[in-house]
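Engineer: Provided herewith is a single structure, encoded as structure tokens, for subsequent inquiry.
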Amino acid sequence: MSKTNFLYLFLDFISVAFPFAFSFYPKANFSKKWKYLWRALLIPASIFIVWDMAFTRMGVWGFNPKYLLGIYIYNLPIEEILFFICIPYACVFLYEALRYLVKKDFFESAAPSVTIMLIMFLLTLGLLNLQRWYTGVTFLSTAIFLGLLQWKWKAPFLGRFYFAFIFVLVPFFIVNGILTGSFIDEPVVWYNAKEMLGLRMGTIPFEDTFYGMLLLLMNVALFERGQLNESQFSK
């Protein structure tokens, strides 16, 4: 086993290490909110792991053993399983830290319009690309979940989510860039070009942005749901 076999595990670890360490900062003790967090991490992780297993089996994407320990759960490397816990933890921490540091909800008034535009954009591209598994499933799923948040649950946090997501994109491009082949000889995760649009931001498939958005929307929605009264976040 060489050093390269630890790359994906290292990315998981480094992504969560600093957020975890700062979770105990006294003035904004994120660890006190862990009771709301575990369900918010585990439920979306379960959904995405099943989705991941299905797409791996179908050949929509796959994993380069050069960068893996070689430990698998069904057809997913253990590093991929950990990804769905480590990355969301770091992102929910960042979301909560920004809410503590930035009191004003800058996108509160714009959030409904942003959500509607995203839904229209994603529905259009998703329906036009039903033959592409990654594009169709990701875009339509994100559009549907945004619709539920906007109109059924009337989620009050979308403005803060969009604000935080801008900051999330910075580590997203670094970590996902490495996973898709930036700065290394071969990608850690490969994609079947027939199952996506073919648009890339550097080495990152365009669909990855909304795949990540959907995951984090689920995390934040469940995290907030654990904290808000029924009157503020109706069933």
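Each residue of the sequence shown is one higher than the one before, counting from 2 in this note's numbering. Backbone N, C-alpha and C define an ideal beta-carbon position, used for all residues, glycine too. All values derive from a computational prediction rather than experimental measurement.
1. Would you give the residue range spanned by the alpha helix (DSSP H) that G137 belongs to?
2. The alpha helix (DSSP H) with G182 in it runs from where to where?
3. Touch check for the region 76–90 and the region 5–25: three-plus C-beta pairs under 8 Å?
4. Count the C-beta pairs between the region 180–197 and the region 103–120 that are closer than 8 Å, then say yes if the count reaches three, no if not.
5. Could you check what DSSP says for V61 in three-state terms: helix, strand or coil?
6. Which residues bound the alpha helix (DSSP H) around V190?
7. Can at least three beta-carbon pairs, one atom from the region 153–160 and one from the region 210–230, be found at a separation below 8 Å?
8. I believe V252 touches L8 by the beta-carbon criterion, under 8 Å. Please report the beta-carbon distance rounded to the nearest angstrom.
9. Which residues in the same chain as D312 place their Cβ atom closer than 7 Å to its Cβ, once the five residues preceding and following it in sequence are excluded?
10. Which of the three DSSP states, helix, strand or coil, is assigned to I72?
11. Taking the C-alpha atoms as reference points, what is the distance between R100 and R161?
12. Give the straight-line distance between the Cα atoms of V51 and F23, rounded to the nearest whole angstrom.
13. Roughly how many angstroms separate the alpha carbons of S1 and R133, rounded to a whole number?
14. Starting from F19, follow the alpha helix (DSSP H) in both directions and report where the run begins and ends.
15. Could you tell me which residues DSSP pairs with I205 in its beta bridges?
16. Just tell me which of R58, F64 and I88 has its CA closest to the CA of F21.
17. Just mark D209 as buried or exposed, buried being the case when its beta carbon has 16 or more other beta carbons within 10 Å.
Structural biologist: Reading from the atomic positions:
1. Start at 1 with the first residue of the sequence shown, and residue 137 comes out as number 136. Taken as a continuous stretch (DSSP letters only), the alpha helix (DSSP H) holding G137 covers W134 to G148.
2. For the purposes of this step, residue 182 is identified with residue 181 of the sequence shown, where counting begins at 1. Note, G182: premise wrong, no alpha helix (DSSP H); not H, not E.
3. As far as the Cβ criterion goes, the region 76–90 touches the region 5–25, which means the pair count is three or higher.
4. The region 180–197 makes no contact with the region 103–120: fewer than 3 CB pairs, one atom from each, lie closer than 8 Å.
5. Indexing the sequence shown from 1 puts residue 61 at position 60. DSSP places V61 in coil when its eight states are reduced to three.
6. Here the question's residue 190 lines up with position 189 in the sequence shown. Bounds of any alpha helix (DSSP H) do not take in V190; it lies within the beta strand (DSSP E) bounded by V190 to Y192.
7. yes
8. Lying before the first or after the last residue shown, residue 252 is absent from the chain, which here runs from 2 to 236.
9. Here the chain comprises residues numbered 2 to 236, so residue 312 is not present and cannot be evaluated.
10. Indexing the sequence shown from 1 puts residue 72 at position 71. Coil, per DSSP.
11. Taking the first residue of the sequence shown as position 1, residue 100 is located at position 99. Taking the first residue of the sequence shown as position 1, residue 161 is located at position 160. Taking the straight line joining both Cα atoms gives about 7 Å.
12. Within the sequence shown, the letter at position 50 stands for residue 51. Within the sequence shown, the letter at position 22 stands for residue 23. When rounded, the distance between both Cα atoms is 31 Å.
13. The structure shown has nothing for residue 1, since the chain only spans 2 to 236.
14. For the purposes of this step, residue 19 is taken as the residue at position 18 of the sequence shown. L8 to A22 is the extent of the alpha helix (DSSP H) around F19.
15. By 1-based counting over the sequence shown, the position of residue 205 is 204. Paired residues: M202.
16. By 1-based counting over the sequence shown, the position of residue 21 is 20. For F21, the nearest C-alpha among the options comes from I88.
17. Indexing the sequence shown from 1 puts residue 209 at position 208. Buried, because 16 or more other Cβ atoms sit within 10 Å of the Cβ of D209.
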